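Residue numbers 640 to 796, in our numbering, belong to the letters of the sequence shown in order.
All remarks here apply to the structure that follows.
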Amino acid sequence: PDDLQVKMDRASMRVSLEVRSPLLDHRVARFGAELATRTKFGNGPKTILREALARFVPRRLFERPKHGFSVPMRTWLSGPLRDVVHEAFRQRSVVECGWLNSATLLRLERDYHAGRTELSAMLWLLFVLARFVDRTAAASGSGVCFKPKPVELPKAA
Numbered sequence: 640p641d642d643l644q645v646k647m648d649r650a651s652m653r654v655s656l657e658v659r660s661p662l663l664d665h666r667v668a669r670f671g672a673e674l675a676t677r678t679k680f681g682n683g684p685k686t687i688l689r690e691a692l693a694r695f696v697p698r699r700l701f702e703r704p705k706h707g708f709s710v711p712m713r714t715w716l717s718g719p720l721r722d723v724v725h726e727a728f729r730q731r732s733v734v735e736c737g738w739l740n741s742a743t744l745l746r747l748e749r750d751y752h753a754g755r756t757e758l759s760a761m762l763w764l765l766f767v768l769a770r771f772v773d774r775t776a777a778a779s780g781s782g783v784c785f786k787p788k789p790v791e792l793p794k795a796a
């Protein structure tokens, strides 16, 4: 929770989008600090922003239910990252580490590209894990992957 601005900055800078800088301007911050709480939050969160926008933006655009900002995994997996994912699943470190079965990864990838798009979230997570395994092995200098010690889970009472 304490690093949301950093995360938002990284995500927005990646696509050249400015999302919060205007709100961090010292003049805007001072103006907001001087407003009475009732004025700031009279009609719920972002009251001041909504009133300011009303002159420039049709109300229907900001008086609607919130909707998420999803990651375009399917677009990435089928487009710009297709070859990157394929190579990640074939990395020697991924095969030798034993965390992931390369043949299974490649089969899932093939199934995804054959139309099983419901596999996109799983494929994405496995891609991230494969990259982690590969980078961990590379960082060791010897190409040896990180092998965690098995942990025994407590038995349910």
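Glycine included, each C-beta is placed from N, C-alpha and C at the ideal position.
Just so you know, these numbers come straight off a predicted model, no measurement behind them.
TODO: Check whether the Cβ atoms of leucine 716 and serine 759 sit closer than 7 Å, and answer yes or no.
DONE: Going by beta carbons, leucine 716 and serine 759 fall inside the 7 Å limit.
Task: Boundaries of the alpha helix (DSSP H) in which tryptophan 738 is found, first to last residue - done: Taken as a continuous stretch (DSSP letters only), tryptophan 738 belongs to no alpha helix (DSSP H), as it is neither H nor E.
Open item on the list: Do valine 733 and alanine 769 count as a contact pair if the criterion is CB distance below 7 Å?
Closed with: Contact check for alanine 769 against valine 733 passes: the beta carbons are separated by less than 7 Å.
Task: Rounded straight-line distance, which links the Cα of glycine 681 to that of leucine 688 - done: Rounded to whole angstroms, the separation of the alpha carbons of glycine 681 and leucine 688 is 12 Å.
Open item on the list: Which same chain residues end up closer than 8 Å to proline 661 when comparing Cβ atoms and leaving out the 5 residues on each side of it in sequence?
Closed with: Val667.
TODO: Note down the Cα distance separating aspartate 648 from valine 658, rounded to an integer number of angstroms.
DONE: Taking the straight line joining both Cα atoms gives about 8 Å.
TODO: Can you grab the Cα-Cα spacing for the pair leucine 720 / leucine 674, in whole Å?
DONE: Near 48 Å, if we compare the C-alpha coordinates of leucine 674 and leucine 720.
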